[in-house]
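I have placed the structure first, in the form of structure tokens, so that the comments after it can refer back to it.
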Amino acid sequence: MTCYSYGQDEKYVTIKKSYEVMGGGFDITVISEDEELGFIYIQEALAEVQRIEKLISSWDENSETSLINRNAGIKPVPVSWELFKLIERSIQISEITNGAFDITFTALNDIWILDGSMEVMPKKNDIEVLKPKIGYKNIILNSKDQSVYLSKKGMRISFGGIGKGFAADKAKALLVSNEVKAGIINIDGDITTWGTKVTGDKWLIGVVNPDLKGGISSWIPILESSVATTGGDGNFIISGNEKYTHILNPKTGYPATGINSVSVFAKSAELSDALATAIFVMGLDRGMALINQLGDTEVIIVDSANKMHKSNGVLLN
3 MTCYSYGQDE
13 KYVTIKKSYE
23 VMGGGFDITV
33 ISEDEELGFI
43 YIQEALAEVQ
53 RIEKLISSWD
63 ENSETSLINR
73 NAGIKPVPVS
83 WELFKLIERS
93 IQISEITNGA
103 FDITFTALND
113 IWILDGSMEV
123 MPKKNDIEVL
133 KPKIGYKNII
143 LNSKDQSVYL
153 SKKGMRISFG
163 GIGKGFAADK
173 AKALLVSNEV
183 KAGIINIDGD
193 ITTWGTKVTG
203 DKWLIGVVNP
213 DLKGGISSWI
223 PILESSVATT
233 GGDGNFIISG
243 NEKYTHILNP
253 KTGYPATGIN
263 SVSVFAKSAE
273 LSDALATAIF
283 VMGLDRGMAL
293 INQLGDTEVI
303 IVDSANKMHK
313 SNGVLLN
């Protein structure tokens with residue numbers, strides 16, 4: 003889609019495209035001097051997201067992530083600096099969230115089928131068997147040889163709670179380095195922006211009011227910033243009359259409870275993504291307390307009773 007608009011001194015166009023990447027939607031809007039250049043920018047951003055997907059995919063047998071997982075309990079694996087630093091930052095987020103965010107939760111995917119088809123809860127003993135394979139403190143990083151070692155056999159890592167935010171940030175950084183005036187990138191709910199619309203107005207995201215059954219209650223401006231939303235309305239498991247969210251608690255091995263959705267506002271989409279996952283696990287009180295300790299970070303939490311809670315810096319209009 004192309005929309006023509008005029009700035010003060012020169013003509014700019016707004017170009018929007020949508021793709022399927024990383025198991026979800028990728029929507030991108032760029033403000034460009036002309037249409038042809040805008041489409042080139044979008045293709046460059048798409049290629050960057052696809053590159054990141056290949057780097058961090060735990061499904062691709064040839065990815066660095068899969069190589070790390072195959073060598074768990076065997077030997078360290080040298081990796082690219084990019085992946086090494088992503089894992090390092092993931093561990094830092096695990097530290098500040100006391101393990102609520104943990105990229106080693108992946109072993110639990112062996113027993114939780116979180117696509118809505120699973121009707122019987124895993125046996126407690128099956129969960130207990132897997133729990134020793136979970137724990138970010140068992141990721142050994144060696145910066146000298148740029149290697150990653152999972153110290154326990156059967157351990158695995160994956161980036162479901164941070165990877166899309168990471169990819170959004172990387173695509174944005176590429177376009178900013180190419181002097182793209184402005185844009186907004188949305189990878190399956192992980193959103194990052196820079197610049198403004200051609201009118202000079204800020205990019206806006208809608209906040210859903212639970213009482214309106216999905217209706218937008220407010221619009222929040224996002225200026226040179228990011229937001230990520232984690233919700234329990236995606237994949238799930240139904241057992242008896244209970245519906246369990248797809249967000250697993252790495253410590254208990256069971257789905258997190260008590261929250262319907264979390265939206266975190268921060269400078270980077272990566273941090274927003276990881277914190278939204280962590281707060282979903284931590285719960286309302288601990289999650290809000292964490293946000294109040296962090297700078298330049300805000301949150302909107304909708305609890306299981308569909309009541310909205312927001313940190314002090316969130317102004318709804």
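If you use the working numbering, the sequence shown corresponds to residues 3 to 319, in order. Each residue gets a CB set at the ideal place from its N, CA and C atoms; glycine is no exception.
Mind checking whether residue i and residue j have CB atoms under 8 Å apart?
{"i": "Ala74", "j": "Gly208", "result": "no"}
{"i": "Ser228", "j": "Ala173", "result": "no"}
{"i": "Lys135", "j": "Ala109", "result": "yes"}
{"i": "Asp305", "j": "Gly260", "result": "yes"}
{"i": "Pro78", "j": "Ser149", "result": "yes"}
{"i": "Ala175", "j": "Asp192", "result": "no"}
{"i": "Gly137", "j": "Thr106", "result": "yes"}
{"i": "Ser274", "j": "Gly167", "result": "yes"}
{"i": "Asp147", "j": "Gly26", "result": "no"}
{"i": "Ile164", "j": "Ala258", "result": "no"}
{"i": "Glu84", "j": "Leu57", "result": "yes"}
{"i": "Gly289", "j": "Val264", "result": "yes"}
{"i": "Val283", "j": "Asn262", "result": "no"}
{"i": "Phe86", "j": "Leu177", "result": "no"}
Would you decide whether residue i is buried or exposed? Buried here means 16 or more other CB atoms lie within 10 Å of its CB.
{"i": "Ala291", "result": "exposed"}
{"i": "Asn64", "result": "exposed"}
{"i": "Thr254", "result": "exposed"}
{"i": "Ala307", "result": "exposed"}
{"i": "Arg158", "result": "buried"}
{"i": "Ile302", "result": "buried"}
{"i": "Thr201", "result": "exposed"}
{"i": "Trp114", "result": "buried"}
{"i": "Ser82", "result": "exposed"}
{"i": "Val122", "result": "exposed"}
{"i": "Asp320", "result": "The structure shown has nothing for residue 320, since the chain only spans 3 to 319."}
{"i": "Ser179", "result": "exposed"}
{"i": "Asp62", "result": "exposed"}
{"i": "Ile76", "result": "exposed"}
{"i": "Ser34", "result": "buried"}
{"i": "Ile240", "result": "Note on Ile240: pLDDT 49, under 50, position unreliable in the model; the coordinate value appears next. It counts as exposed."}
What number of angstroms, rounded off, separates the C-alpha of residue i from the C-alpha of residue j?
{"i": "Lys312", "j": "Ile224", "result": "16 Å"}
{"i": "Trp205", "j": "Thr195", "result": "7 Å"}
{"i": "Glu181", "j": "Lys269", "result": "19 Å"}
{"i": "Asn140", "j": "Leu152", "result": "6 Å"}
{"i": "Asn71", "j": "Asp203", "result": "46 Å"}
{"i": "Tyr256", "j": "Val266", "result": "23 Å"}
{"i": "Ile293", "j": "Thr299", "result": "6 Å"}
{"i": "Lys183", "j": "Gly197", "result": "6 Å"}
{"i": "Tyr43", "j": "Asp287", "result": "42 Å"}
{"i": "Phe41", "j": "Ile17", "result": "7 Å"}
{"i": "Ser220", "j": "Ser96", "result": "32 Å"}
{"i": "Phe160", "j": "Ile222", "result": "The identity of residue 160 in the sequence shown is Ser, whereas the question assumes Phe. Whole-angstrom Cα-Cα distance: 31 Å."}
{"i": "Ala278", "j": "Ser68", "result": "25 Å"}
{"i": "Gln295", "j": "Ile89", "result": "23 Å"}
{"i": "Lys125", "j": "Val131", "result": "10 Å"}
{"i": "Val15", "j": "Leu39", "result": "10 Å"}
{"i": "Asp112", "j": "Glu66", "result": "21 Å"}
{"i": "Ser60", "j": "Lys13", "result": "44 Å"}
{"i": "Val316", "j": "Gly285", "result": "19 Å"}
{"i": "Glu55", "j": "Asn314", "result": "35 Å"}
{"i": "Ile249", "j": "Ile187", "result": "24 Å"}
{"i": "Arg91", "j": "Leu318", "result": "31 Å"}
{"i": "Ser20", "j": "Gly162", "result": "21 Å"}
{"i": "Met310", "j": "Ile129", "result": "32 Å"}
{"i": "Glu226", "j": "Asp104", "result": "28 Å"}
{"i": "Met24", "j": "Ala230", "result": "15 Å"}
{"i": "Ile281", "j": "Ile93", "result": "16 Å"}
{"i": "Asn127", "j": "Lys133", "result": "10 Å"}
{"i": "Arg53", "j": "Pro80", "result": "19 Å"}
{"i": "Lys154", "j": "Lys199", "result": "50 Å"}
Counting only beta-carbon separations shorter than 8 Å, does residue i have a partner in chain D?
{"i": "Ser179", "result": "Absent from the structure: chain D. Only one protein chain is present."}
Problem - Inside the region 161 to 223 only - beta strand (DSSP E) runs reaching at least 3 residues - result: Runs of the beta strand (DSSP E) lying entirely within the region 161 to 223 and spanning at least 3 residues, in chain order: 184 to 189, 192 to 196, 205 to 210.
Practice task
Tell me, please, whether the region 18 to 31 touches the region 41 to 55 by the rule of three or more beta-carbon pairs shorter than 8 Å.
Solution key: Touching, yes, given that three or more Cβ pairs across the two stretches are closer than 8 Å.
Practice task
Just list the beta strand (DSSP E) runs in the region 250 to 286, keeping only unbroken ones of 3 residues or longer that don't cross its boundaries, in chain order.
Solution key: Annotation: the region 250 to 286 contains the following complete segments of the beta strand (DSSP E) (minimum length 3 residues), in chain order: 261 to 268.
Exercise for the section: Starting from the N-terminal side, write out each stretch of the alpha helix (DSSP H) that is 4 residues or longer and does not extend beyond the region 76 to 126. Expected result: If we require 4 residues or more, the alpha helix (DSSP H) runs fully inside the region 76 to 126 come out as 83 to 98.
Practice task
Mind listing, in chain order, the continuous alpha helix (DSSP H) runs of no fewer than 4 residues lying wholly within the region 37 to 68?
Solution key: The region 37 to 68 contains these whole alpha helix (DSSP H) runs: 37 to 58.
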